[in-house]
Amino acid sequence: MDVSHIIDPLNDAQRQAVTASSDHMLILAGAGSGKTRVLVHRIAWLLAVDNVSPHNIVAVTFTNKAAAEMRGRIEGMINGSLSGMWVGTFHGLAHRLLRSHWADADLPQGFQILDSDDQFRLVKRIVRGMELDEALWSPRKVQWYINDQKDEGYRASHLDSGGDPYQKQLIQVYLAYEQACQRAGLVDFAELLLRSFELFRDKPEILQHYQQRFAHVLVDEFQDTNTLQYSWIKLLAGAGKVFVVGDDDQSIYGWRGAKVENLQHFQKEFCGENLVRLEQNYRSTGNILGAANALISGNTGRMGKELWSAGDKGELIDIYAAFNELDEAHFVKERIKQWVTDGNSHKECAILYRSNAQSRVFEEVLISSGIAYRVYGGLRFFDRAEIKDALAYLRMMENRSDDSAFERVINTPTRGIGDRSVAMIRDIARGNSITMWEATLSLLSSGQLAARAQNAISGFVNLIDQLQAFAGNFVLAEQVDYVVETSRLIEHYSKDKSEKGQSRKENLEELTNAAKIFQKPQDDGDMTELASFLSHAALEAGESQATDTDDFVQLMTLHSAKGLEFPLVFITGLEEGLFPHGRSLDDNVQLEEERRLCYVGMTRAERKLIMSYAETRRIHGSENYQKASRFIREVPDDFMNEIRPRAQVSRPAMQRPQARKPVRSTILMQDDFEFSLGQRVQHKKFGEGVVLNFEGEGTSARVQVNFEREGSKWLVLAYANLQGA
DNA sequence: AGAGCCATTGTTTTT
DNA sequence: CAATGGCTCT
Numbered sequence: 000m001d002v003s004h005i006i007d008p009l010n011d012a013q014r015q016a017v018t019a020s021s022d023h024m025l026i027l028a029g030a031g032s033g034k035t036r037v038l039v040h041r042i043a044w045l046l047a048v049d050n051v052s053p054h055n056i057v058a059v060t061f062t063n064k065a066a067a068e069m070r071g072r073i074e075g076m077i078n079g080s081l082s083g084m085w086v087g088t089f090h091g092l093a094h095r096l097l098r099s100h101w102a103d104a105d106l107p108q109g110f111q112i113l114d115s116d117d118q119f120r121l122v123k124r125i126v127r128g129m130e131l132d133e134a135l136w137s138p139r140k141v142q143w144y145i146n147d148q149k150d151e152g153y154r155a156s157h158l159d160s161g162g163d164p165y166q167k168q169l170i171q172v173y174l175a176y177e178q179a180c181q182r183a184g185l186v187d188f189a190e191l192l193l194r195s196f197e198l199f200r201d202k203p204e205i206l207q208h209y210q211q212r213f214a215h216v217l218v219d220e221f222q223d224t225n226t227l228q229y230s231w232i233k234l235l236a237g238a239g240k241v242f243v244v245g246d247d248d249q250s251i252y253g254w255r256g257a258k259v260e261n262l263q264h265f266q267k268e269f270c271g272e273n274l275v276r277l278e279q280n281y282r283s284t285g286n287i288l289g290a291a292n293a294l295i296s297g298n299t300g301r302m303g304k305e306l307w308s309a310g311d312k313g314e315l316i317d318i319y320a321a322f323n324e325l326d327e328a329h330f331v332k333e334r335i336k337q338w339v340t341d342g343n344s345h346k347e348c349a350i351l352y353r354s355n356a357q358s359r360v361f362e363e364v365l366i367s368s369g370i371a372y373r374v375y376g377g378l379r380f381f382d383r384a385e386i387k388d389a390l391a392y393l394r395m396m397e398n399r400s401d402d403s404a405f406e407r408v409i410n411t412p413t414r415g416i417g418d419r420s421v422a423m424i425r426d427i428a429r430g431n432s433i434t435m436w437e438a439t440l441s442l443l444s445s446g447q448l449a450a451r452a453q454n455a456i457s458g459f460v461n462l463i464d465q466l467q468a469f470a471g472n473f474v475l476a477e478q479v480d481y482v483v484e485t486s487r488l489i490e491h492y493s494k495d496k497s498e499k500g501q502s503r504k505e506n507l508e509e510l511t512n513a514a515k516i517f518q519k520p521q522d523d524g525d526m527t528e529l530a531s532f533l534s535h536a537a538l539e540a541g542e543s544q545a546t547d548t549d550d551f552v553q554l555m556t557l558h559s560a561k562g563l564e565f566p567l568v569f570i571t572g573l574e575e576g577l578f579p580h581g582r583s584l585d586d587n588v589q590l591e592e593e594r595r596l597c598y599v600g601m602t603r604a605e606r607k608l609i610m611s612y613a614e615t616r617r618i619h620g621s622e623n624y625q626k627a628s629r630f631i632r633e634v635p636d637d638f639m640n641e642i643r644p645r646a647q648v649s650r651p652a653m654q655r656p657q658a659r660k661p662v663r664s665t666i667l668m669q670d671d672f673e674f675s676l677g678q679r680v681q682h683k684k685f686g687e688g689v690v691l692n693f694e695g696e697g698t699s700a701r702v703q704v705n706f707e708r709e710g711s712k713w714l715v716l717a718y719a720n721l722q723g724a
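In structure tokens form, the structure reads like this:
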């Protein structure tokens, strides 16, 4: 058989991985070393050489994007459809299992998926329902707690407070949340995994079926698996063969339960010596790799791996110390302009930052320069309030028990059902352990209500019944359209003439389009089209991808850049407290994760990497004096080219000329030395620094200087004896 | 029901 | 500096 197309494009290490004959394999794949290629070729190899049926293969990824890419590349490689192969995300596959075995998993057939926003609201209602102090039991914290427990595989009933009253209360909230979800037929993201894990664990005949079927289990980004996912894989694989790809140096999700140690566990438990390292990098220049290697070598307990490249050393990494964040943005913009002038395109540039809020300054500067850009992450289509309203109506049609949807639309748009009525319904539901829908029906028939409330509430009940009765006859897009109209949601948002209101109206119209182009996946079996659409909306938040013809600069967090690559990469805001993030500074484990995050960012760059930080930055409205990130110091000088700051940028002049007191941009000193904001100066004792601010005149004039070594200080000019640097 | 005001609170993110 | 939430007042 001719397998040359499978193995010829591979280097030795890749080939060793793809053609391995051992039962289990661990592939430590460095950044840019061809990890997806190895997975795809491995599958092609199994099919072609080992004669494995596609039916016997399951491949698991973390993101929909990665799953889609893998599917596409497999189909390209084998020149046909996946025919029975399971390729999907952990959550997607778990969902599929639960849909097939809903009864065995103790779920109603029409169970719905809660996204994190839904989950947050539900937790909040439960905390309130239990009359707990929200300052102490902040819904956000409780939500974290619940998800953490589920990620570790714990039910409320497994947990022991150890006598701690706070802990005890948390467990009780968790329990109440579990019960509320169970009653309403709701499943959050972590629950998808936990339920399907328990399904395997408790129903041997089902487990056996899948174990027999999936003789080959492949997992991508294994360093991102949490405890529950590890157990899930282990259970599913049974005696089958497990092929795992990961990179301990790119583990950046520890804060949400991912366990890098799972790589070592896997090695110990499954594959022993059957380990291949992919260390040849095909992406970045020698200097970029050298710098990244040097940085990551500061971490302890690594599994060991050094990337190398056969290519050129390329250019040095530029480091720019900006005066403030606006200056930083202008610098980035200028370099992008230059890049494009040199004959390259905008879409080759990526601006990376630690947290989403940092995108704003870049956006403003890019807009005013007329440069097209796109921000990834942020609010997604299916997360928008108006879209969730519409989806909630659709969910009510599928499942009357869905309390989460019920709460959302009972009075949206307003129909005269006030807080008092809703509170009454909630109380009845809680008191009798029934759903809010049932509580509503019983309240209506009790005859306790005033005529006005009775009317309003029965209006709602009739509306939902009517939606279902009529919409049921339509195809999906018509159903959506009908619901948006009949619920008067569209009318409600149309009335709002502000820009926001209009865009909401348009989004609702767009939802109909989304329904039109939606195609029910074959995997979804006998689910209704609507049920399938709702799951899709929850599981795949619908980030549209850039097309080849779009040409815009890409802005995103370092986290969402993982897995991507760009010819020109900016890593911005490299400041202590920002990156590494302030909450990681006093904990070495977290600090190492920040360092890996920086490593991930650096290794995104193909040809040119530019790093920057600001000496002053406005955070939460107030000025802060920033110290350069330790990560800059950790990169050896021979890889770097430090760019001197330009010494005249001042925020007051550029941002809000009228709102500030008039600012002199220069200070005249007695020796006729002229200093300006942002200017570098030299002090005998404190060394070099940058002028940040000044006040007073003549002999009492004082300047604030941010010294590289000593931090920021106020000095009386007459005594300071500063020299220009 | 909706506008307007004050206090609070701010990672990272996918599913 | 925001966005958000709770509150009061109309």
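If you count the first sequence from 1, position 155 lands on 154 in numbering that gives the first Met the number 0, and the numbers rise without skipping.
Positions of the beta carbon are idealized from the N, C-alpha and C atoms, including for glycine.
Quick caveat: nothing in here was measured; it's all calculated off a predicted structure.
- Residue pairing by DSSP leaves ARG334 without any beta bridge partner.
- With at least 16 other beta carbons inside 10 angstroms of its own, LYS258 counts as buried.
- Closest option to PRO566, judged by alpha-carbon separation, among ASN398, GLY313 and SER358: GLY313.
- Less than 9 Å separates the beta-carbon of GLY572 from that of GLU327.
- Exposure of ARG255 is indicated by the presence of fewer than 16 other C-beta atoms within 10 angstroms of its C-beta.
- In the three-state reduction of the DSSP assignment, GLN553 falls in the strand class.
- If you draw a 10 Å sphere on the C-beta of HIS90, you find 16 or more other C-beta atoms in it, and that means buried.
- Residue range 111–113 is occupied by the beta strand (DSSP E) that includes GLN111.
- Collapsing the DSSP output to three states places ASN280 in coil.
- The alpha carbon of ALA19 has as its nearest neighbour, out of VAL2, LYS626, LEU45 and GLN681, the alpha carbon of LEU45.
- Counting only residues of its own chain and dropping the five nearest sequence neighbours on each side, PHE473 has a CB closer than 7 Å to the CB of TYR481.
- Annotation: the region 314–383 contains the following complete segments of the alpha helix (DSSP H) (minimum length 4 residues), in chain order: 324–340 and 358–367.
- A straight line joining the alpha-carbon of SER283 with that of ALA560 spans about 15 Å.
- In terms of CA proximity to ASP7, ALA43 leads the group GLY446, PRO635 and ALA43.
- Between the region 592–607 and the region 285–299 there are three or more inter-stretch CB-CB distances shorter than 8 Å, so the stretches are counted as touching.
- ILE489 and LEU507 have their C-alpha atoms spaced approximately 7 Å apart.
- Here TYR612 is bridged, per DSSP, to ALA320.
- With respect to SER99, VAL331 sits apart: the two C-beta atoms are not nearer than 9 Å.
- Annotation for ARG451: GLY415 place their beta carbon closer than 8 Å to its own, counting only its chain and skipping 5 residues before and after.
- The C-alpha of HIS54 lies about 14 Å from the C-alpha of GLY79.
- Taking the Cβ atoms as the reference, ALA404 lies roughly 4 Å from ALA391, within the contact range of under 8 Å.
- DSSP places GLY91 within a helical segment (H, G or I) once states are collapsed to three.
- When DSSP reads this structure, LEU217 sits in a beta bridge with ALA58 and PHE242.
- The C-beta distance from ILE232 to MET639 rounds to 41 Å, too long to fall under 8 Å, and the pair is not in contact.
- Looking at the backbone, the Cα of GLN118 and that of LEU81 are separated by about 34 Å.
- Its chain contains ASN280, TYR281, ARG282, SER283, LEU306, GLU564 and THR602 as the residues whose beta carbon lies nearer than 8 Å to that of GLY31, once the 5 sequence neighbours on both sides are disregarded; these appear in chain order.
- Nearest Cα to GLY87 within the set TYR492, GLY310 and ASP219: ASP219.
- GLN108 counts as exposed, since fewer than 16 other beta carbons sit within 10 angstroms of its beta carbon.
- Judged by their CB atoms, ASP311 and LEU121 are not nearer to each other than the 9 Å cut-off.
- Its chain contains SER195 as the residues whose beta carbon lies nearer than 6 Å to that of LEU96, once the 5 sequence neighbours on both sides are disregarded; these appear in chain order.
- Straight across, the Cα-Cα distance linking ALA28 with GLY83 is about 28 Å.
- The Cβ atoms of THR434 and ARG407 do not sit closer than 9 Å to each other.
- The Cβ neighbour count for LYS167, taken over all protein chains shown within 10 Å, is under 16; the residue is labelled exposed.
- With respect to the 9 Å criterion, ALA468 and GLU477 are not classified as neighbours on the basis of their beta carbons.
- Counting only unbroken stretches of 3 or more residues, the beta strand (DSSP E) elements lying wholly within the region 178–204 are 185–187, in sequence order.
- Relative to ARG617, the option among ALA356, LEU262, ASN461 and LEU557 whose CA is nearest is ALA356.
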